[in-house]
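Shown next, in structure tokens, is the structure this report addresses.
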Ligand SMILES: [Zn+2]
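Residue numbers (our numbering): 266 to 583.
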């Protein structure tokens, strides 16, 4: 039976993994009943568990883990870019479209002893005002009123109309300006004087007051470009040291994300009349894009690593 034993021992690994035909299995079982040596070999095989099958050879596991990480990263990347797209869309839909001045657009009336009531018609869906004292003219109170709508409101809301806001005078004389935010001069809507009767007198003059757009976003953009330039120089200097270069690349991606976000939110423009809103959107978008770019960078590094000759060799079956 020596000959049969060596045949059975050859078959045992396949038998243990149930990869033999019914006849072969019956042959192996029949033999093991009467052969302690083969039975012991089979028991030993079962104790150590089935050997890794061809679908999951141990040397492939790091590779599989990396491929799985890559899949997860790709999903995360897609989610981040979709979110970034939605933020850009929200920025575009919510961007203020300032209403040009017309006498029909806005009216000012006295509002008891408190101040003046400024009311808007037309498509206006948002109103804001800013109060400050004009120190050059003996501390006269100045109120700058802005009114705008957005694409979102135009498309999805019934036109505004009937919006109004109360401007407190603090019992001081006050001039109420409309700020058209189109590089034209502000229009003095009315002069408020608590001592006069009536307290509000329509005006309609421009008085040479101009509200200029803020350029701060332009400075930030220049700063981002400069940072990117410094980053590129650092990359050139460290390109032969992969460990440092990877971090330089990661750092360079933020200015890239910021510049792209700026262009997505405000276009190539850098003068803005709504700086806090624009900057908030640019910041949120740039953080999202940065996350996406970091992931993309990781995926590219992984791909390079996997295709490099240093990657783990494909396992040979024994
Ligand atoms: Zn045997």
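Cβ atoms here follow ideal geometry from the backbone N, Cα and C, with glycine treated the same way.
Note that the structure is a prediction, hence the values are computed from the model and not measured.
To the nearest angstrom, report how far apart residue i and residue j are at their CA atoms.
i, j, result
"residue 298", "residue 326", "37 Å"
"residue 418", "residue 455", "28 Å"
"residue 345", "residue 284", "45 Å"
"residue 572", "residue 275", "37 Å"
"residue 505", "residue 286", "58 Å"
"residue 550", "residue 379", "42 Å"
"residue 427", "residue 565", "55 Å"
"residue 349", "residue 531", "15 Å"
"residue 461", "residue 360", "40 Å"
"residue 408", "residue 432", "8 Å"
"residue 548", "residue 526", "8 Å"
"residue 544", "residue 356", "10 Å"
"residue 570", "residue 341", "20 Å"
"residue 561", "residue 533", "25 Å"
"residue 576", "residue 563", "Since pLDDT at residue 576 reaches only 46, below the 50 mark, its modelled position is unreliable, and the value read off the structure follows with that caveat. Residue 576 and residue 563: Cα-Cα distance of roughly 16 Å."
"residue 368", "residue 518", "50 Å"
"residue 480", "residue 421", "31 Å"
"residue 558", "residue 522", "8 Å"
"residue 296", "residue 343", "58 Å"
"residue 291", "residue 304", "14 Å"
"residue 396", "residue 482", "24 Å"
"residue 280", "residue 294", "9 Å"
"residue 300", "residue 567", "52 Å"
"residue 406", "residue 440", "6 Å"
"residue 289", "residue 302", "18 Å"
"residue 387", "residue 339", "47 Å"
"residue 376", "residue 400", "25 Å"
"residue 404", "residue 495", "48 Å"
"residue 272", "residue 515", "59 Å"
"residue 546", "residue 353", "8 Å"
"residue 488", "residue 437", "43 Å"
Below 8 Å on the Cβ atoms is my guess for residue i versus residue j; work out the distance and round it to an integer in Å.
i, j, result
"residue 351", "residue 415", "Between residue 415 and residue 351 the Cβ distance is about 16 Å, and since that is not below 8 Å, they are no contact."
"residue 490", "residue 468", "Not quite, the Cβ-Cβ distance comes to about 44 Å (not below 8 Å), so this is no contact."
"residue 486", "residue 535", "6 Å"
"residue 434", "residue 463", "Not quite, the Cβ-Cβ distance comes to about 13 Å (not below 8 Å), so this is no contact."
"residue 446", "residue 538", "4 Å"
"residue 385", "residue 373", "Contact flag wrong, Cβ pair sits at about 11 Å."
"residue 430", "residue 383", "5 Å"
"residue 366", "residue 443", "5 Å"
Taking the beta strand (DSSP E) that residue i falls in, what are its first and last residues?
i, result
"residue 374", "371 to 376"
"residue 394", "391 to 399"
"residue 454", "452 to 457"
"residue 483", "Element bounds for residue 483: not the beta strand (DSSP E) but the alpha helix (DSSP H), 481 to 503."
"residue 442", "439 to 443"
"residue 381", "380 to 385"
"residue 430", "428 to 433"
"residue 467", "465 to 467"
Is there a Cβ of chain D sitting closer than 8 Å to that of residue i, yes or no?
i, result
"residue 530", "Structure shown: chain D not included; a single protein chain is present."
Within the continuous alpha helix (DSSP H) that includes residue i, where are the two ends?
i, result
"residue 310", "301 to 312"
"residue 589", "Nothing about residue 589 can be read from this structure; the chain reaches only from 266 to 583."
"residue 524", "507 to 531"
"residue 417", "416 to 421"
"residue 335", "326 to 359"
Any heavy atom of ligand 2 closer than 7 Å to the Cβ of residue i?
i, result
"residue 302", "This structure lacks ligand 2; its bound ligands are ligand 1."
- Query: Are the region 505 to 520 and the region 468 to 481 touching, with three or more C-beta to C-beta distances below 8 Å?
  - Reply: no
- Task: Check whether the region 383 to 393 touches the region 402 to 416, taking contact to mean three or more Cβ pairs, one atom from each stretch, closer than 8 Å.
- Result: yes
- Segment contact, 8 Å Cβ cut-off, at least three pairs: the region 497 to 504 with the region 541 to 556: no
- Query: So does the region 290 to 310 actually touch the region 329 to 340, counting three or more Cβ pairs closer than 8 Å?
  - Reply: no
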